[in-house]
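Numbering (the working numbering), first residue to last: 1085 to 1208. For each residue, glycine too, the CB sits at the ideal point set by N, CA and C. All values derive from a computational prediction rather than experimental measurement.
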Amino acid sequence: MRYPPPHYAKYLMSLRSLPAGEQRSSLKKLVEMLQKSGDIKEWQRILDIYESLVQKMAGKKKAVVTYSGTLERQGIEKALSNYDIVFVEDKTVLGGVSIRVGDTRIENTMRGRLAGVKRALMQN
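Right under this line is the structure:
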């Protein structure tokens, strides 16, 4: 890894002050650098941190709740009453729920559990 994800996220924040044309060319250069360094695999983490920085700047807190099937929204809304909540239905999670606030993720989905089992089996 050339730089840690927070460094890239702060760089993305700095692009906001540039004119649109310069933003595009700078973003293209960043993506090329991420590909060359192998850090492109950290893209989602970089975006999560960037989004968290934008929210802090705006004074807003956002929670993204990903689920499959039916969901008891009322309980989640009560637990996360200080957040703007975005509910995203995703059939690929196979059940359960994932909650992301900034760059923190609480993973309690069947897909996440299966991925954990797969990692454990591959380590042995």
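Beta carbon of residue i nearer than 7 Å to that of residue j
{"i": "V1149", "j": "I1183", "result": "yes"}
{"i": "I1133", "j": "P1090", "result": "yes"}
{"i": "Y1167", "j": "A1147", "result": "yes"}
{"i": "M1195", "j": "V1177", "result": "A small fix is needed here, since residue 1195 is Arg in this sequence, not Met. For R1195 and V1177, yes; Cβs fall inside 7 Å."}
Three-state class that DSSP yields for residue i in the structure shown
{"i": "W1101", "result": "Before going on, a small fix: residue 1101 reads as Ser here, not Trp. Of the three classes helix, strand and coil, the one that applies to S1101 here is coil, per DSSP."}
{"i": "E1156", "result": "coil"}
{"i": "G1180", "result": "strand"}
{"i": "R1086", "result": "coil"}
According to DSSP, residues forming a beta bridge with residue i
{"i": "D1168", "result": "K1146"}
Selection from the options that minimises the alpha carbon distance to residue i
{"i": "Y1095", "options": "L1114, K1120 and R1086", "result": "L1114"}
{"i": "Y1087", "options": "R1108, S1101 and S1121", "result": "S1121"}
{"i": "E1173", "options": "R1129, R1157 and A1163", "result": "R1157"}
{"i": "Y1151", "options": "K1175, S1136 and L1099", "result": "K1175"}
{"i": "G1153", "options": "R1108, G1179 and K1145", "result": "G1179"}
{"i": "Y1092", "options": "K1125, L1164, K1162 and E1106", "result": "K1125"}
Whole alpha helix (DSSP H) runs in the region 1106-1154 with 4 or more residues, listed along the chain? 1127-1142
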